[in-house]
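One structure is given here, and the rest of the page talks about it.
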Amino acid sequence: MRLTFNKHEKLKSQKAIEQLFAEGQSVSAYPLRLVYKKNEHGLKVGVSASKRNFKKAVDRIRVKRLLREAYRLNKSMLIDHKIDNYTLMILYISKEIPDFKLVDTKMKKLLSKLKDQLPN
RNA sequence: UUAGUAAAUCGCCUUAUCGCUUUAAAUUUAGUUUAAAGAGGAAAGUCCGGACACCAUAGUGUAAUCAUAGUGGUUAACAGCCAUCCACCGAAAGGUGAGGAAAAGUGCAACAGAAAGUAUGUACAGGUCAUGCUGUAGUGAAACCAGGUAAACUCUAUGAGGUGCAAUACCAUGUAUACUAACGUUUGAGCGUACACGCGCGAUUGUUAGAGGGUAGGUAGCUAAAGCGUGUUGGUAACAGCAAGCUCAGAUAAAUGAUAAGGGCUCUUUGUUAAGAGUACAAAAUCCGGCUUAUAGAUUUGCUUAACUA
RNA sequence: GCUGAAGUGGUGGAAUUGGUAGACACGUUGGACUUAAAAUCCAAUGUCCAUUAGGACGUACGGGUUCAAGUCCCGUCUUCAGUA
Numbered sequence: 002m003r004l005t006f007n008k009h010e011k012l013k014s015q016k017a018i019e020q021l022f023a024e025g026q027s028v029s030a031y032p033l034r035l036v037y038k039k040n041e042h043g044l045k046v047g048v049s050a051s052k053r054n055f056k057k058a059v060d061r062i063r064v065k066r067l068l069r070e071a072y073r074l075n076k077s078m079l080i081d082h083k084i085d086n087y088t089l090m091i092l093y094i095s096k097e098i099p100d101f102k103l104v105d106t107k108m109k110k111l112l113s114k115l116k117d118q119l120p121n
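For the first sequence, the residue numbers in the working numbering are 2 to 121.
Here is the structure:
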């Protein structure tokens, strides 16, 4: 399969995000944290780096791009196990700007943790 | 040569693989393929000036408030820019300057000092018929000078209606023209977007405030313009005119990326070709013209000659 | 994105019209009282140098105006608030 991450896979609805943070559950693999919730619309994924941790816009965008890229390359871990009816939000918690290798390994860990925690 | 100084430019590159956004075309159906394009000199701060939109219909006088401040020019406009005078800094090139008015009026000046703006005390010296008439001493930032202070009020000249694309228009979904309080319907609540008066507008679902219910998706606005570089003419210059050419981001939990390899550039070690490290500041959010602030490093040009060498 | 407001010892919070910066309260430290503690009372408490007298620097940071700036003006930084 192709490793894509386009508009339709992105979590955008403000309403859905509010619900996610209100009712969702979470897993974490420092410095990443994932909030998840079941839905009916297929896999929707968002990515976030807080303004509190990264004051400059350049750094925030940089971190979000790395997270997005890491998710894109590892999303088969979810799809192969038929985890496809979920809303996910991946947060970056640390204040350090990471390199790609770190984000990549942590993302793998995070997604396998999520896989174990889910019922199927 | 070094140093200084002014101005301008660049601010990593190439290839491969995997991705993202927009537009166009094809195919077919909402996916795929192909092609093209896809961050900056400051995109930043939001400090000025506009365009544009709305604010009874956006009209409008006075006063107030705010801004600007040598002179002339430039511009759509400006607190910008250019030229120039003056003052200060510098050896020079050059830099800096909220640089109008104190002889319209009001205020202010701690401590010190006899006295701080209605002046004139003491000591000494000089002078006179005589007298603070003249000088010096002492205090202070300032001691009589049409003194200082206008980044104190003020006056003069000029300019400014307010709010900002989360403006605004339309489509879709949904709800509560309900409830409470105050005021009001031509004898005028309130509005004209800080405030006051005048003129004006103003209620079939009135106005303001409170507490509360619902939506928070999409489309337009939105990127071809005070546009860009080139040549040429006028002008000391900022800038303006003309000519032919070019089309150059448009996202919205927000695209412009990731990995690998190679090459530049700088520094360090080594000691003459290797190794290691580094490669700034910073991410469009309606759009333009400026200003301010941040910025590893590299390049070019003009000017100055104090110092060093010949 | 757009639009406002604020910044003073360890903390809250004063300082009139520019004229001795830190009033007042809390906290902290030391002492008194007590067998011990609390409460109460007394004293000290910005930093540095001298450790007697005193001097220098201090109102987020950097400049300017002024004889003199927490206060007036300009720039920067940080924090907070409003707005579909």
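Idealized CB from N, CA, C, for every residue including glycine.
These numbers come from a predicted model, not from an experiment.
- Setting aside the 5 residues that flank it on each side, V104 is surrounded in the same chain by L67, L68 and A71, each with a C-beta closer than 7 Å to its C-beta; the list follows chain order.
- Rounded to the nearest angstrom, the gap between the Cα atoms of E10 and R3 is 13 Å.
- Three or more Cβ pairs closer than 8 Å define a contact, and the region 55-62 falls short of that threshold against the region 29-45.
- In this structure, L89 places its C-beta atom within 8 Å of the C-beta atom of Y37.
- The closest CA to that of F6, considering only R73, I94, K96 and T106, is found on R73.
- About 14 Å separates the beta carbon of Y93 from that of V46, a gap too long to meet the 8 Å contact definition.
- Taking the C-beta atoms as reference points, I91 is found nearer than 8 Å to L35.
- Within the model, the alpha-carbon separation for D100 versus N40 is close to 32 Å.
- Taking 4 residues as the shortest admissible run, the region 51-106 contains the following complete alpha helix (DSSP H) segments, listed from N- to C-terminal end: 58-75 and 77-80.
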